[in-house]
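Numbering-wise, the working numbering puts 163 at position 175 of the sequence shown, and it's gapless, one number per residue.
Read the structure below first, then the notes.
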Amino acid sequence: MTGIFIGIAVYLAATFGVSIYTGRKGHSKSSAGFIVGEKNFGSVVTALAMGTTLASGFAFIGLVGMGYTLGLVATWQCIWGTILEFICWFFLAHKLRAMSEKTEVLTPIEAMSKLHGDPHNLIKISGGLMIGLFITFYLAGQFTAASKAANVLGLNPSAIAVGIAVLTIAYIFLGGVNAAMWTNAIQGFIMILSFGVLVAVSLSKVGGLSGLFASLSTADPSLIQWNNGRSTGNAAFYICNYWLGSAAGFLAQPQAIQKYLTIKNDKQIRKSCVLSSIFNIIRQLGPVLIGMSCRLLYPTIADPETCIPQIIVDYIPNILGGILMAGIFAAVMSTTESLLLQSTSELSRNFLEKGILAKRHISQKAYGIICKLLTIVIGIIGLLISLFGSGGVFNMIIFAWTGLMTSVGPSLYLGLYWKKCTSQGILAGILTGIPATCVWYYLFKTSTGIHEAISVVVPIIAVIVVSLMTQNIQQEDNWADKIKNLKELTT
């Protein structure tokens, strides 16, 4: 066990050193430098940063638990997730990067405010506030994932959650986007190594893939069936409802879309898209196979979401075990860094600088300080939700990122691709997305059995209806020239 702690300590020291070094090389003293840096990140760094941002503790903790509980059917998460992430790259990356270069937007919400104008800064104010605050629930899920790993190591879960929160806050506080991107890249390499070793070890203990499927077939045939033993009609509904619904968030996560605004050029986008898709397959298929293997290795384990830490403790030599255990913390910390940076960015840039304080003459240096103070406050709020809230890692994270997708996705896609979309329509989509997800999740999900991703219908309708109702208002607000210019930029 001592070796495991040494491995974790080495990882933490290395990433902390990288964050300090890259932070000093960056330009984090202004809000622009803190949020997007010099916009010169290459394909490998961007792909790994994107992957680690989306992977999170969900991969090492939540998805392993789903593989354990449900078996092969959980691979639908990998299938849908890879397809939807590719769609996001294909439809958004080039256009948002062009907007970032020509209009100097720093966040997805600010980009949405530039599409068809933003009368009275309402898109920036409401979008920045809602996205910035809702991300804290996602943060809480990451801290909860870290505490589950601590349980297996015999450590105090609350203490580990606090430690992860402090380190994450320190990373972003010191270096902003530069620290986040480079530490994310290192964490991505660690995650790939961890999944490779853990899949190999877990399969070797159950007789390889053939042994795994043979043993699971004897224990419960539904665990090795693509439809989980359901009839054709029920299986189709289940796969589309639950797994497509769970993966829907890949279409528009603001903390992931943010990476499109910092990449170096269009050529790097194409490379990053391919690399990110490959990483997606690794980080989602690996956990499912590990979880299925653990169904045989630990048939009576109390919490399936702790399978990976348990394998490391039982089967991996100490020092290597520490490095692999660091993979869990890498997954958690890489996502918390991106989430914390995104929340800080949306609140400082849109809600404050370009929103309620737009008419105030405040220096960029002052906004740089505000960014760092918000980093501390948001990190603490996310930690408190984790310590005093309830719910599994899978459910907490899926709920949060579905809400983010419904609030950002409809407005962003329709704003970019639908000619009749107006600023009022975009605002309507932002305002209805998260509330619709919350209402469905708490009032209708249990009784209907339909995933909360269905709530995306509400903001889609809101964008369309309000846009059609405000065609004339849009012209009266005199945003026609801006619409024309941005169409030229993004085609």
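Just so it is clear, CB atoms sit at the ideal spot from N, CA and C, and this is done for glycine as well.
In this text, all values refer to a predicted model and were calculated from it rather than measured experimentally.
Check: Classification of I124 by the beta-carbon crowding that lies within 10 angstroms, buried from 16 upward; Outcome: A small fix is needed here, since residue 124 is Thr in this sequence, not Ile. With 16 or more other Cβ atoms within 10 Å, it is buried.
Check: Which of helix, strand or coil DSSP assigns to I(-8); Outcome: helix
Check: Member of I452, I266, L51 and L362 whose CA lies at the smallest distance from the CA of A35; Outcome: I266
Check: Where the alpha helix (DSSP H) through G105 begins and ends; Outcome: G105 -> no alpha helix (DSSP H), and no H or E assigned at all.
Check: Distance between P398 and P145 (C-alpha atoms, nearest Å); Outcome: 38 Å
Check: Identity of the residue in A149, F48 and P209 nearest S374 by Cα; Outcome: A149
Check: Segment contact flag, the region 358 to 376 with the region 395 to 410, C-beta cutoff 8 Å, min 3 pairs; Outcome: no
Check: Ordered list of alpha helix (DSSP H) runs contained in the region 218 to 274, each at least 4 residues; Outcome: 220 to 226 and 242 to 245
Check: Contact under 7 Å by Cβ, G(-5) with I311; Outcome: yes
Check: Residues bridged to F48 (per DSSP); Outcome: According to DSSP, F48 bridges with nothing at all.
Check: Residue from I8, S210, P96 and L60 whose Cα sits closest to the Cα of L404; Outcome: P96
Check: Inter-residue Cα distance where the pair is G413 and V453; Outcome: 7 Å
Check: Cβ shell of C261 (< 6 Å), same chain only, five flanking positions each side left out; Outcome: W77
Check: Rounded C-alpha distance that separates V187 from G115; Outcome: 41 Å
Check: Cβ-based burial, M87 [other Cβ within 10 Å; buried from 16]; Outcome: buried
Check: Exposure of N268, with buried meaning 16 or more beta-carbon neighbours within 10 Å; Outcome: buried
Check: Distance, S234 Cα to T434 Cα; Outcome: 15 Å
Check: Contacts around F177, its chain only, beta-carbon distance under 8 Å, and the 5 residues preceding and following it disregarded; Outcome: L36
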